[in-house]
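Since the structure comes first, as structure tokens, the remarks are kept for the end.
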Amino acid sequence: MRPRAWVRRLIADDEGAATIVGVAVVACLVALTAMLMYLGSAVVARHRVASAADLAALAAASALMTADGEPCVVAEHVVRAQGDVAMRVELCRIDGEFVDLTVAAKVGLGPFGLQTARASARAGPERGGV
Numbered sequence: 004m005r006p007r008a009w010v011r012r013l014i015a016d017d018e019g020a021a022t023i024v025g026v027a028v029v030a031c032l033v034a035l036t037a038m039l040m041y042l043g044s045a046v047v048a049r050h051r052v053a054s055a056a057d058l059a060a061l062a063a064a065s066a067l068m069t070a071d072g073e074p075c076v077v078a079e080h081v082v083r084a085q086g087d088v089a090m091r092v093e094l095c096r097i098d099g100e101f102v103d104l105t106v107a108a109k110v111g112l113g114p115f116g117l118q119t120a121r122a123s124a125r126a127g128p129e130r131g132g133v
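Going by this note's numbering, the sequence shown runs without a break in its numbering and finishes at 133.
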């Protein structure tokens, strides 16, 4: 099967095609870089929230064991001390000698909107001995 005449002419006349392909490649690389930046931002936010949840749970469990104040209030103070105004204690529950916490923070991800990063932690006395 022979190609039609207009297809042969289109293939033969490729002047400026490299410019178009180059612009398309650069645009794809810019879009990929932006998406990776937003992904990195989400990962960092998740790690910060997890760290805050761990610290707050440990502080709340310590307050519970030593009667140095209300454990959930102590957890709130620790989360606020992290310096992120969007971070908050979403759930604080005392289960016997253990404290269960969930910390959340709003994260702006540009075109993907405002998302919530959450992390949970549980702290209390060691069970058994090592």
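All C-beta atoms, glycine included, are put in the ideal place defined by N, C-alpha and C.
In this structure, E93 sits near R121, with a CB-CB distance shorter than 8 Å. For V24, the enclosing alpha helix (DSSP H) begins and ends at A20 to T69. Looking from the CA of R125, the closest CA among A63, F115 and R51 belongs to A63. Straight through space, the alpha carbons of K109 and A89 are spaced by roughly 6 Å. Between the segment 110 to 120 and the segment 31 to 49 there are three or more inter-stretch CB-CB distances shorter than 8 Å, so the stretches are counted as touching.
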